[in-house]
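**Student:**
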Amino acid sequence: AQSVTQLGSHVSVSEGALVLLRCNYSSSVPPYLFWYVQYPNQGLQLLLKYTSAATLVKGINGFEAEFKKSETSFHLTKPSAHMSDAAEYFCAVSYGGSQGNLIFGKGTKLSVKP
Amino acid sequence: NAGVTQTPKFRVLKTGQSMTLLCAQDMNHEYMYWYRQDPGMGLRLIHYSVGEGTTAKGEVPDGYNVSRLKKQNFLLGLESAAPSQTSVYFCASRNRDRGPYEQYFGPGTRLTVT
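Here the protein sequences line up with chains A and B, keeping their order.
In terms of my numbering, the first sequence opens at residue 1 and continues consecutively.
In terms of my numbering, the second sequence opens at residue 1001 and continues consecutively.
1) Please confirm whether Y1048/B has its beta-carbon closer than 9 Å to some beta-carbon of chain A.
2) Could you please give the first and the last residue of the uninterrupted beta strand (DSSP E) stretch that includes Y25/A?
3) Using the rule of at least 16 other Cβ atoms within 10 Å of the residue's Cβ for burial, across every protein chain shown, is R1096/B buried or exposed?
4) CA-CA distance, R1110/B and K58/A?
5) Mind checking which residues open and close the beta strand (DSSP E) that includes K58/A?
6) If the cut-off is 7 Å on Cβ atoms, which residues from the region 8–33 of chain A count as contacting chain B, listed in chain order?
7) For Q1037/B and V1088/B, which I take to be in contact (beta-carbon distance under 8 Å), what is that distance rounded to the nearest angstrom?
8) Taking K78/A as the reference, give the member of E71/A, Q42/A, T72/A, L56/A with the closest Cα.
9) In chain A, which residues lie with their C-beta within 8 Å of the C-beta of F1090/B?
10) Can you list, in chain order, the residues of its chain with a C-beta nearer than 7 Å to that of E1052/B? Leave out the 5 residues immediately preceding and following it.
11) Tell me the DSSP bridge mates of N1065/B?
12) Could you please tell me which residues of the region 100–112 of chain A, in chain order, have their CB closer than 8 Å to any CB of chain B?
13) For the putative contact between H1022/B and Y1035/B, defined by C-beta atoms under 8 Å, what is the C-beta separation to the nearest angstrom?
14) Examine chain A for any beta-carbon lying closer than 9 Å to the beta-carbon of L1022/B, and answer yes or no.
15) When the Cα of G1106/B is compared with those of A54/A, N41/A, G107/A, which residue comes out closest?
16) For Q1017/B, name the three-state secondary structure that DSSP assigns.
17) Is there a Cβ of chain B sitting closer than 9 Å to that of P49/A, yes or no?
18) Given that F90/A touches chain B, what residues does it touch there, using C-beta distances under 8 Å?
19) Under a CB-based cut-off of 9 Å, is V4/A close to chain B?
20) Check each residue of the region 1050–1070 of chain B: if its Cβ is closer than 8 Å to any Cβ of chain A, include it; give the result in chain order.
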């Protein structure tokens, strides 16, 4: 079965530091890839998505992610963390088809220290 | 545009009670999904629908039923609630024809079964 692995259930960074959230997928066939963010007590909001047009994808709020086929990875980064980035981040993949559902990682909770 | 809305936002049930969660979308999307979110588990697919009048099981369908009588609505039912169904439930929808199969999420329903 296809799966998504997010390394680290909790990541803590200082304000202004680099944010790196890791995501690896299990398939040899490149899927569509997504990062969603969930702020406390809210729904999921799309941060960015990989559509095969470019390996480096820019999203909202200064986040970006790089697709690396050889590593089956889609890590999320932001050069300088802000307090408002504190949230839970989910990596997800989709292979389309008749179901087209998203397969989610277990999530990484990002804390930002002042 | 309201996007995806969910009713109710919160609910407390006693074991054995029944209830229906309502999801509505105004984007004319063909596909609709119900997920549950539990701590450390990410989001898991309960049921989905690829069009009006059709439904299918996802990863964790036991104890739930669904109906899609109208294209814009997707109902999730719990016939006899159990404490294991305490969770946050998210509805999502997407367009059928346009990749990369991005899904749009509702704000969630927080359900507690005592």
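Glycine included, C-beta positions come from ideal geometry on N, C-alpha and C.
**Tutor:** Let me spell this out:
1) With 9 Å as the cut-off, Y1048/B counts as an interface residue toward chain A.
2) 19–25
3) exposed
4) About 32 Å.
5) 56–58
6) Listed by position along the chain: S9, Y32.
7) 5 Å
8) Of the candidates E71/A, Q42/A, T72/A, L56/A, the residue whose Cα lies closest to the Cα of K78/A is L56/A.
9) Per Cβ cutoff of 8 Å: G43, L44.
10) Here the set comprises R1068, K1070, K1071.
11) G1077/B
12) Correct list: G100, N101, L102, F104, G105, K106, G107.
13) It is Leu, not His, that sits at residue 1022/B in the sequence shown. Cβ-Cβ separation between L1022/B and Y1035/B: approximately 15 Å, too far for a contact (criterion under 8 Å).
14) no
15) Distance check between G1106/B and each of A54/A, N41/A, G107/A places N41/A closest, using alpha-carbon atoms only.
16) coil
17) For the sequence presented, residue 49/A should be read as Lys rather than Pro. It does: the Cβ of K49/A has a partner Cβ on chain B nearer than 9 Å.
18) G1042, L1043
19) yes
20) So the list reads V1050, A1056, G1058, given in the order they occur along the chain.
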